[in-house]
Structure formats: structure tokens, C-alpha cells
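With UniProt numbering as the guide, the letters of the sequence shown map in order to residues 1 to 173. Glycine residues also receive a C-beta, built at the ideal position from the N, C-alpha and C atoms. Values in this document were obtained by computation on a predicted structure and should not be read as measured data. See below for the structure under consideration.
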Amino acid sequence: MSDTITLSIDGKDLPVNKDAIKLSVYIRNLIENVAGKENESDDEDTHDSENIVIKIDTIDYNIMKKVAEWCEHYFSIHGQESIESGSVSGNKWSEDILKEHRAKAYDTPLDNWDREFLNGTIEDLSKIIAASDFLNIQPLLSSCCKVVAQYFKGKSPHEVIEAFAKASSTSEN
Numbered sequence: 001m002s003d004t005i006t007l008s009i010d011g012k013d014l015p016v017n018k019d020a021i022k023l024s025v026y027i028r029n030l031i032e033n034v035a036g037k038e039n040e041s042d043d044e045d046t047h048d049s050e051n052i053v054i055k056i057d058t059i060d061y062n063i064m065k066k067v068a069e070w071c072e073h074y075f076s077i078h079g080q081e082s083i084e085s086g087s088v089s090g091n092k093w094s095e096d097i098l099k100e101h102r103a104k105a106y107d108t109p110l111d112n113w114d115r116e117f118l119n120g121t122i123e124d125l126s127k128i129i130a131a132s133d134f135l136n137i138q139p140l141l142s143s144c145c146k147v148v149a150q151y152f153k154g155k156s157p158h159e160v161i162e163a164f165a166k167a168s169s170t171s172e173n
């Protein structure tokens, strides 16, 4: 079994760490469905999980690349440690980490790495929010929302409306 899968976005292939991208409930379910169908259809161990390609049409390549990078970083901090310590199995790490994340999402401040990584234009941040929502990556969505909250802290209602209008007009293109 391969440690990577390929995401096909805008006709470009993006190899990603399979365990890391399982932070996405959407992608995890697709992987499990593909693996389940392969196991049902094969009597022998001839199926090739190394060739899993998931086509994603709703997210542009650069945003998906950024999302995958965030997932790999998050996995390197939380998932790999959990798997190596034996506290969770490789298939269950993401579910356990997500449960832990939900329990403390609102109490935990944004860490410096997330702050730097998500420091960009409000337009890009809105695309990452849309991608994390579509892919169902709750820790990334929470981090993005914290960045948005910090961005708008102290802004007037007019400034907030202008920023969202600008982000909305660029995301429609």
C-alpha cells in the first residue's frame, strides 16, 4: 500500500501523504470507499492501492496545494506522533485527533505556524476557508476562522463589508 495518493486538480497531479490528507473527512471517505470496493472485488491481493487518483474540480491547484501542505504539517505534529506511540492506529489517527480538536477548538489560541502560514490576502484566506469547508477539514477551518477574527478585530462595519465584498468578487472569477 502506498503512502501517497494523487489529487488531480485543474489537470495537474498533486501527490499528497495519504495519512495526512485523511484529515479531510471527504477524502478519507473516498479512500475508504475505494479500498472497500477493491477488497470486495478481489479474491487475491492483486489490487493496487498505489494508483488512487482523486479528481477535485471545485478547488484550484494552488489553494489545494496550500491545504495539502497544512494537512502534512498538522499530521507531522499530531498524527505521526500518535501513530508512532501506538496510541492510535494509522487508520484511526485522524478521527481521534479530530475528536480531540473539537473538544478544545475554541479554547486553544492560534499557534505561530498557523498564523504565518495563513497570513495572506483575505481573498486567498476565503478560498482556503471554502476548500476546508468542502473537504471537511475542521482543524484548518477553525484556524482560518481565528485568523479572520483577528483580521477584523477593531475594524469598522464598513471595512468588514468592503473586505468581504472584495473577497466575494475575486472568488467568483
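Are the beta-carbon atoms belonging to residue i and residue j less than 8 Å from one another?
i	j	result
residue 128	residue 66	yes
residue 160	residue 125	no
residue 26	residue 135	yes
residue 114	residue 132	no
residue 123	residue 166	yes
residue 17	residue 69	no
residue 63	residue 6	no
residue 3	residue 79	no
Rounded to whole angstroms, how far is the Cβ of residue i from the Cβ of residue j, which I believe are closer than 8 Å?
i	j	result
residue 61	residue 14	7 Å
residue 23	residue 137	5 Å
What do you reckon, is the C-beta of residue i under 7 Å from a heavy atom of the ligand MG?
i	result
residue 121	For the ligand MG, the structure offers nothing, since it holds no ligand at all.
Name, in chain order, the residues that DSSP records as bridge partners for residue i.
i	result
residue 6	15, 53
Taking 8 Å as the cut-off, does the segment 112-123 touch the segment 6-16 (at least 3 CB pairs, one atom from each stretch)? Cβ pair count under 8 Å is below three, so no.
Hey, which unbroken runs of the alpha helix (DSSP H) at 4 residues or more fall wholly within the UniProt domain "SKP1 component dimerisation" (138-164)? DSSP assignment within the UniProt domain "SKP1 component dimerisation" (138-164) yields the following whole alpha helix (DSSP H) runs of 4 residues or more, N-terminal first: 138-152.
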